[in-house]
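Notes to accompany the following structure.
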Amino acid sequence: AAEIAEVEEYLAKYLRENKAIVEAHAAEIAEPKSSKSLLEMSVEERERERTKDRVKLLAKAVQTAESDGIPNKVELRRVTEPTLQPVAFTKTGMPQMSTPVLKMLAGSEDKPGPLVDAFKTRKEGEEACTAVRALVQVSAINTLLESFIMPLQGLYGILDANDRVHGSLNMNTETGRLSSRRPNLQNQPALEKDRYNIRRAFVASPGNTLIVADYGQLELRILAHIADCTAMKEAFATGGDFHSRTAVNMYSFIQDDIANGTCLLEKEAGSDPNTPLVKDKYGAERRKAKTLNFSIAYGKTAHGLAKDWDVSMKEAEDTVKAWYDSRPEVRDWQERMRQEARRYGAVCTLLGRRRPLPDITSKNSGARGRAERAAINTPIQGSAADIVTLAMVEVASDARLRELGYTMLLQVHDEIIIEGPIESADEAQRRLVHLMGHPFRDESSGELVNKLTVELAVDSDKALSWYEAK
DNA sequence: ACAGATAGCGCC
DNA sequence: AAAGGGCGCTATCTGT
Ligand SMILES: Nc1ccn([C@H]2C[C@H](O)[C@@H](COP(=O)(O)OP(=O)(O)OP(=O)(O)O)O2)c(=O)n1
Ligand SMILES: [Mg+2]
Ligand SMILES: [Mg+2]
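Just so you know, our numbering puts 22 at position 22 of the first sequence, and the rest follows in order with no gaps.
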């Protein structure tokens with residue numbers, strides 16, 4: 001609601017500033033769109049159509065989505081054609097109207113983009129830029145409302161008689177992960193992105209609690225094991241956290257905080273237990289670092305890095321090089337996986353799940369590059385899925401958890417959620433963490449063990465709602 | 001009017 | 001947008 005109010009306020013301000021224009025063009029706004037294509041029109045007709053589209057755009061922007069909906073791409077295209085040079089084209093050759101393109105065209109309040117020059121007067125151009133900026137915001141919020149809020153409000157028929165949701169878990173992915181649908185419970189907004197507090201809608205039954213347990217740095221641990229990377233395994237053996245380390249490298253203010261003694265990189269023996277860790281104090285920064293770590297690990301190039309993170313090509317190259325130089329075995333292992341894919345047309349996971357990669361020999365460099373990156377990702381992501389599946393089998397069949405009244409609700413790739421009576425929560429939580437940390441069954445002894453050469457660390461929390469369990 | 005593709009949002 | 005990987009949902013675009 002706060003977010004919607006913010007946008008409405010923005011649009012209201014815009015309305016005040018542009019009301020006169022909208023009113024002055026009431027006639028054109030009322031007039032239906034010409035059925036002719038822009039190409040068939042005379043110069044005068046085309047000019048009138050563009051004026052019409054522009055003022056309709058303004059009118060819609062100030063009305064917000066409730067009445068007429070927000071302008072669609074065709075309308076935006078008609079406003080920007082034909083004087084504006086298209087930035088990019090769709091597959092079928094139409095000028096692209098994607099969000100990055102629109103943002104670029106509209107620019108910022110201080111510095112309008114090229115759209116400003118697409119109109120007869122400067123004033124008209126600035127108005128159009130303001131409208132497009134407003135529309136990009138409204139559009140993003142609309143997507144959130146449509147794909148997360150409205151389904152949970154029951155607008156698409158996915159609720160049962162008690163207003164509960166029962167998403168399906170599917171076995172349909174290339175790597176062995178599960179997916180979830182109707183609703184997708186594996187992509188609900190989380191943490192700072194959960195601006196509507198959607199996760200508060202997911203609650204335990206009365207008398208019960210949710211227990212959430214998530215592996216720490218799961219795929220990096222598996223990479224260290226499979227590639228047999230000495231530096232990574234040593235780091236994990238002493239409680240190392242690569243996402244935190246990367247966050248420190250990325251943000252000088254975290255470095256300062258650590259130098260100041262008011263923050264700790266990782267938990268280590270003999271350190272003050274009251275000093276907060278980077279992981280807890282800088283969670284948002286650590287999540288950005290996580291994205292960077294996995295992006296590089298799974299084949300992101302310096303070019304892509306420079307673009308996405310807005311850094312120089314030099315800095316991007318140094319970053320990728322440093323990442324691999326500190327993990328030489330990973331570089332070699334990835335090359336072996338590409339060779340394996342070329343030789344056998346497939347790669348395998350820890351438990352032997354096999355993914356065919358026919359495009360590995362494609363003459364299309366785009367398709368081939370994709371297959372090469374899949375060849376280095378699938379053994380890791382797929383092995384992580386293997387391990388989580390093993391853990392889920394143990395959780396589902398565990399006699400103690402059953403006695404305590406706990407049932408498994410969901411997995412989110414490296415996270416397992418169970419629900420049961422509050423009074424047994426502590427023991428159930430310890431049990432869940434233990435099962436996830438020791439998901440393999442030893443053939444001879446029948447004991448649950450961890451067969452990897454790295455520890456499987458598990459973070460866990462419990463709460464009445466999913467929102468609180470973080 | 002329909003079906004498949006695309007765009008843009010979210011998660012791991 | 002674009003040479004990180006793996007997904008799903010909704011509205012819209014696009015071709016028939
Ligand atoms: N942008 C992302 C996010 C996640 N993953 C994969 C690798 C992760 O290991 C796994 C699980 O996601 P988490 O968010 O739980 O990440 P980690 O387990 O690595 O970190 P944390 O210690 O915060 O749980 O999903 C990925 O490939 N790309
Ligand atoms: Mg994790
Ligand atoms: Mg996770």
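Beta carbons: idealized from backbone N, C-alpha and C, even for Gly. All of these numbers come straight from a predicted model, not from anything done at the bench.
Three-state class that DSSP yields for residue i in the structure shown
| i | result |
| --- | --- |
| I158 | coil |
| V116 | helix |
| C348 | strand |
| V203 | strand |
| V454 | coil |
| E468 | coil |
| Q381 | helix |
| A65 | In this prediction, A65 scores a pLDDT of 30, lower than 50, which makes its location untrustworthy; no coordinate-derived value is stated. |
| T130 | helix |
| N170 | strand |
| S180 | strand |
| L185 | coil |
| L265 | coil |
| A190 | coil |
| S397 | helix |
| R195 | coil |
| I149 | helix |
| K123 | helix |
| I4 | With a pLDDT of only 45 at I4, under the threshold of 50, the placement of this residue in the model should not be trusted; the figure read from the coordinates follows. Residue state, collapsed to three classes: helix. |
| S424 | helix |
| S139 | helix |
| K363 | coil |
| T175 | coil |
| D386 | helix |
| G216 | coil |
| G270 | coil |
Identity of the residue in the options nearest residue i by Cα
| i | options | result |
| --- | --- | --- |
| L529 | S424, V388, D398 | Residue numbering for the chain in the displayed model covers 1 to 470; residue 529 lies beyond these limits and cannot be assessed. |
| L102 | G283, R133, L432 | R133 |
| E340 | V311, K314, R373, D257 | R373 |
| D308 | T291, G366, R221, A399 | T291 |
| G270 | N172, T238, E427 | T238 |
| Y251 | K111, Y282, P273, A302 | Y282 |
| A289 | I211, F242, R354, F236 | F242 |
| I376 | G366, A128, W333 | W333 |
| R327 | M232, L152, R338 | M232 |
| T209 | A428, P356, G437 | A428 |
| L464 | M392, L220, G352, P206 | P206 |
| I380 | K111, A399, Y298, L435 | Y298 |
| Y446 | L404, E468, E394 | The question names Tyr, but residue 446 is Gly in the sequence shown. The candidate whose alpha carbon is nearest that of G446 is E394. |
| V412 | D461, T143, E126, A213 | A213 |
| L404 | P421, I222, V248 | P421 |
| D398 | A371, T361, P439 | P439 |
| S383 | G352, Y406, P358, G369 | G352 |
| T173 | R355, G437, I211, E415 | R355 |
| S147 | M171, H434, P189 | P189 |
| L432 | S444, F202, D228, I418 | I418 |
| E468 | L456, D359, I211 | I211 |
| Q217 | R286, N274, D386 | R286 |
Contact test: residue i Cβ vs ligand 1 heavy atom, cutoff 8 angstroms
| i | result |
| --- | --- |
| F294 | yes |
| T349 | no |
| H303 | no |
| Q381 | yes |
| D241 | yes |
| A384 | yes |
| Y196 | no |
| R287 | yes |
| K290 | yes |
DSSP beta-bridge partners of residue i
| i | result |
| --- | --- |
| I211 | I418, K462 |
| F253 | None; F253 has no bridge partner. |
| F242 | F242 pairs with nothing; no bridge assigned. |
| R164 | Note: R164 sits in no beta bridge, so no partner. |
| N356 | In the sequence on display, residue 356 carries Pro and not Asn. P356 pairs with A346. |
| V449 | F440 |
| M408 | I418 |
| G107 | P112 |
heavy atom of ligand 2 below 8 angstroms from residue i C-beta
| i | result |
| --- | --- |
| Y215 | yes |
| D280 | no |
| L218 | yes |
| D414 | yes |
| D459 | yes |
Check your understanding: Can you list the beta strand (DSSP E) stretches of 3 or more residues lying completely in the segment 276-352, in chain order?
Key -> 346-348
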